[in-house]
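Before any comments, here is the structure.
Residue numbers (the working numbering): 1 to 195.
Right under this line is the structure:
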């Protein structure tokens, strides 16, 4: 029999890894909603319908980005056009106001995105493309049932909200003599949901 070696009998220290933060899986999704009913812009006053609405349903999480596309804008004096988007919790942004001067627009499609490289032109021809929300001059007051000012300047005003509910597009011609129409509009909504 061999003598017991005490150093082999010492309990061994066991090192355990320190637990890190628990990762929460997040899902980023993008959905598009459309209203393709025409909007008639009179020579002055409220468009028909006023507002034009899109009901957003079935989305999870908070908004991380919104873009808006105005389809088929035609007008004989685009400087008269004011367009306001209002979300389901009341946040709002002027998409365009007093842009384009007296240059007719015919069937142009405008996408509004905070990350676009430019604003709509102030006093030159508007062409189809992607632009930042654009508001020139003094802030126009949209007639009821649109909210009163102040109005937002960026689509990021919707970040973090629950996107489900009714989104309203208010279109208003603020000076007489010219008219036009919009063929429809779409909302592109990106949300992030973390379980």
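The beta-carbon is built from N, C-alpha and C at its ideal position, and this holds for glycine as well.
If you're wondering where the values come from, they're calculated on a predicted model, not measured in any experiment.
- Task: Please determine if the stretch 139-146 and the stretch 70-78 are in contact, where contact requires at least 3 C-beta pairs separated by less than 8 Å.
- Result: No: the two stretches stay apart, fewer than three of their Cβ pairs being nearer than 8 Å.
- Message: Closest to residue 44 by C-alpha separation, out of 171, 186 and 194, would be which residue?
- Response: Distances from the CA of residue 44 to each of 171, 186 and 194 were compared; the closest alpha carbon is that of 171.
- Message: Distance check for residue 90 and residue 150, CA to CA, integer angstroms please.
- Response: Rounded to whole angstroms, the separation of the alpha carbons of residue 90 and residue 150 is 12 Å.
- Item | Close Cβ partners of residue 191 (< 7 Å) along its chain, the five nearest in sequence each way excluded | Taken in chain order, the residues that qualify are 29, 59, 60, 61, 62, 63, 64 and 163.
- Does DSSP put residue 11 in a helix, in a strand, or in coil? Any reading at residue 11 needs caution, since the residue's pLDDT is 43, under 50, leaving its predicted position unreliable; the model's value is listed next. In the structure shown, residue 11 adopts coil according to DSSP, grouped into three states.
- Message: Please report the distance separating the alpha-carbon of residue 146 from that of residue 83.
- Response: The straight-line gap separating the alpha-carbon atoms of residue 146 and residue 83 is approximately 11 Å.
- CA-CA distance, residue 136 and residue 24? Each residue's alpha carbon lies about 43 Å from the other.
- Can you name, in chain order, every residue of its own chain whose Cβ lies under 8 Å from the Cβ of residue 34, other than the five neighbours on each side? Excluding residues up to 5 positions away in sequence, 54, 184, 185, 186 and 187 lie with their Cβ nearer than 8 Å to the Cβ of residue 34 in the same chain.
- Query: Rounded C-beta distance between residue 133 and residue 169? I'm assuming under 8 Å.
  - Reply: Under the criterion of beta carbons closer than 8 Å, residue 133 and residue 169 do not qualify as touching, at roughly 13 Å.
- Anticipated Cβ contact below 8 Å, residue 47 with residue 56, distance rounded: With 8 Å as the limit, residue 47 and residue 56 do not qualify as a contact, their Cβ atoms being about 21 Å apart.
- Figure out for me which residue from 154, 195, 32 and 165 has the closest Cα to the Cα of residue 92. Among 154, 195, 32 and 165, the Cα nearest to that of residue 92 is on 154.
- Item | C-alpha distance - residue 157 paired with residue 105, whole-angstrom precision | The straight-line gap separating the alpha-carbon atoms of residue 157 and residue 105 is approximately 28 Å.
- Item | Range of the contiguous beta strand (DSSP E) that encloses residue 170 | Going by DSSP, residue 170 is part of the beta strand (DSSP E) stretching over 165-173.
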